[in-house]
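Just below is one structure, and these are the notes that go with it.
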Ligand code: PHE
Ligand code: ZN
């Protein structure tokens, strides 16, 4: 395995050359594309003789230095580079090379999604398009001409502003071209190109300083009517960034293109975002509330990158969280501002715990600023993104809202147009606020979820809180110092009143905080708003009291979750159902509060959160106990749940505002709770909801419930759904996901059969994710004790690795919990993983993940 090479942060060196400008011409044909690349270089380190450019599988047509054609002895082509020997201090290079986009199934570099030519260059895709210094700290001004068949590809796009249109009447009148110029220097990973016969919608935006911007969203012909929600979201994001960060857009065009084949969610290419169509296209009939919210947040995320990522970019890929953690924090705040603060915070924490906490406790754990990688593609993780966002949020809490705004202003002024590090960011935060953040930096370099042990004492009117940090071990075995973070807390009197509300600063391995002059022993509400991404270990907490009285929406939710977890764990140990929990649950049912928040309070803990607490994971035990509690609640509160359902169910409502979405969330939560009891009544409700509801949200929930019930109507409902939506792959993803996540017997056989469906295509990541990816997270059957789930997914990884390594290593992530599994499952997992890792010519992406898991 010669290509497996580990890259280290400590080996970073500055570039030896800079590139002033790049002129690219793309001649697109069906069978190949010719790229002409003219670059102006300046030597920065005069001791260097040779120019080594990144180039993957280069098919070189010709090469010129300062207009002189270079002979074979002046350059060397290797598998991943083009080295030009003995170059002067200042010179131009012209390269002509050939690439094959229609054969590109990895979806990196220039490829075809259906009939659309498009690009994906982050992190290192550009080097497979043309030779370049493909690293984020080399920023240059790009001019791009795209030439293609006029009829097949009427729309030709690249970054920046459109400067010229070309016709070739004398040579080939069937072709045309467009030139784009991007005045802002940028790294190659932000380069983009699109060519296709596209539909579009247009709008405009006037920036705070009065500059007009033309906004376009492009999609497959026929989907134009599904782009309006994305357009609305874009304008909301532009306004929000002006108001909250004082940042304006800086080009005449903002273009977004939706494509069906895309490895990730979307990409922030300067002035030309390319999106997975799942994050653009939506209408009331085909998209769920979750989809609408997802589109709003991803559109905003990519827009926000224009400043946090594009204007100020990363020095090297180890700094990825500089742009991603910060941009996720920004999009989380945006969504909270536009929708609901309390719901947004809980949803963000839920996602963090489901994905990031699991990763952080696994062999693939890494600090938000990793120290090494084999394939950078493997580091677009929940840790870099979501934990990275928590780190920014903690800085925001520590320095305060006003200082934070001063500090971001300083960051933008100081580093605009540069490629910088996370240290530069922390410097700006500290400099503007006057708060020393040196001790805070451990968050960037240490993996694992910190623990905090809480000891409480009350004596003579003094309440003391002794907080002890768990010992932290870094990946390289070195012990790190204590974590530094804000911890929001309150003390509540017996009547629920807040007698103390504070943000403590935690900085020592162990410290005691005392609160005096208390009349009675208070109840502690700790880590309010989830002010730090840690695990609290606290004994003797009064969950029922906090469920009733906690005025912090997050810790109140937390109390409900913890109480349910405790109850389920008691069941796992063979104990009876705790009636106190059942009573507290009933109290929530009766509360008159915001419907979407109530829906969250009524949600039982996820299987993932229960699994994380087990020393040795056994899913069968978890499911059994959780189902027992769910069934009990469904029976006990049947009447109440039914009347809540009737009260909130509005089948004809198509509204997308918070009230309507909240009502749907609550009524569907109630229906799911009822579904623990497979009654005639429940099946009837689901059937009627499927048939009568106008929203996709309602119909998908109804289908899910039918699928997991004994209802005979399920076949008919699924057939109906299929016939109605088989032309819309985004909806078919939902259809496949429902079937792959099913808890009914025989799901694996049905998943295997689904791959034969005419809609299924192994080359389209969304479809692979909704069939194979969803099955790999169907704990009940992926972890079947006969090993069938593991064997199936392992075979798929081997197969898909040959098509798209990034997809394959994503699937391999399902095996992350290997080391914590019970002996039976562990053995079976090991066999499957060893089979994958011994495969001939496995990609470095899959190798890196599986190798870590097996170690
Ligand atoms: N930078 C993209 C985003 O966050 C994610 C991405 C990474 C997309 C790599 C494609 C490839 O917003
Ligand atoms: Zn991003």
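In this note's numbering, the protein residues as written are -2 to 852. Here a beta-carbon is modelled for each residue, glycine too, at the ideal position from N, C-alpha and C.
Buried or exposed for residue i, please, with buried defined as at least 16 other CB atoms from any protein chain shown within 10 angstroms of its CB.
i: residue 839; result: buried
i: residue 70; result: exposed
i: residue 833; result: buried
i: residue 162; result: exposed
i: residue 433; result: exposed
i: residue -1; result: In this prediction, residue -1 scores a pLDDT of 46, lower than 50, which makes its location untrustworthy; the coordinate-derived value is nonetheless stated afterwards. Counting Cβ neighbours within 10 Å, residue -1 comes out exposed, since fewer than 16 surround it.
i: residue 382; result: buried
i: residue 740; result: exposed
i: residue 357; result: buried
i: residue 511; result: exposed
i: residue 277; result: buried
i: residue 41; result: exposed
i: residue 692; result: buried
i: residue 610; result: exposed
i: residue 141; result: buried
i: residue 689; result: exposed
Determine, using beta carbons only, whether residue i comes closer than 7 Å to chain D.
i: residue 647; result: Protein chain content of the structure displayed is limited to a single chain, and chain D is not contained in it.
Using alpha carbons as the reference points, say which of the options lies closest to residue i.
i: residue 195; options: 170, 210, 114, 294; result: 114
i: residue 334; options: 804, 237, 427, 492; result: 237
i: residue 820; options: 388, 783, 350, 668; result: 783
i: residue 493; options: 101, 507, 787, 521; result: 521
i: residue 105; options: 807, 746, 803; result: 803
i: residue 604; options: 360, 98, 774; result: 774
i: residue 346; options: 33, 558, 2; result: 558
i: residue 440; options: 644, 496, 365; result: 365
i: residue 330; options: 414, 363, 389; result: 389
i: residue 550; options: 680, 567, 523, 181; result: 523
i: residue 339; options: 68, 36, 596, 682; result: 596
i: residue 204; options: 234, 323, 133; result: 234
i: residue 8; options: 369, 515, 249, 251; result: 369
i: residue 814; options: 780, 835, 199; result: 780
i: residue 349; options: 311, 392, 446; result: 446
Helix or strand or just coil, what does DSSP make of residue i?
i: residue 770; result: helix
i: residue 762; result: helix
i: residue 224; result: coil
i: residue 201; result: strand
i: residue 785; result: helix
i: residue 512; result: strand
i: residue 753; result: coil
i: residue 702; result: helix
i: residue 298; result: helix
i: residue 418; result: coil
i: residue 196; result: strand
i: residue 22; result: strand
i: residue 45; result: coil
i: residue -1; result: With a pLDDT of 46 at residue -1, under the threshold of 50, the modelled position of this residue cannot be trusted, and the question is left open.
i: residue 304; result: coil
i: residue 248; result: coil
i: residue 845; result: helix
Less than 7 Å between the beta carbons of residue i and residue j, yes or no?
i: residue 57; j: residue 94; result: yes
i: residue 487; j: residue 506; result: no
i: residue 564; j: residue 582; result: no
i: residue 714; j: residue 732; result: no
i: residue 190; j: residue 202; result: no
i: residue 24; j: residue 31; result: yes
i: residue 319; j: residue 422; result: yes
i: residue 745; j: residue 768; result: no
i: residue 283; j: residue 697; result: no
i: residue 879; j: residue 666; result: The shown model of the chain, from -2 to 852, leaves out residue 879, and the question about it has no answer.
i: residue 771; j: residue 734; result: yes
i: residue 372; j: residue 842; result: yes
i: residue 33; j: residue 22; result: yes
i: residue 299; j: residue 263; result: yes
i: residue 528; j: residue 483; result: yes
i: residue 723; j: residue 756; result: yes
i: residue 297; j: residue 247; result: no
Would you say the beta carbon of residue i comes nearer than 6 Å to a heavy atom of the ligand PLP?
i: residue 757; result: No copy of the ligand PLP occurs in the structure displayed; its ligands are the ligand PHE and the ligand ZN alone.
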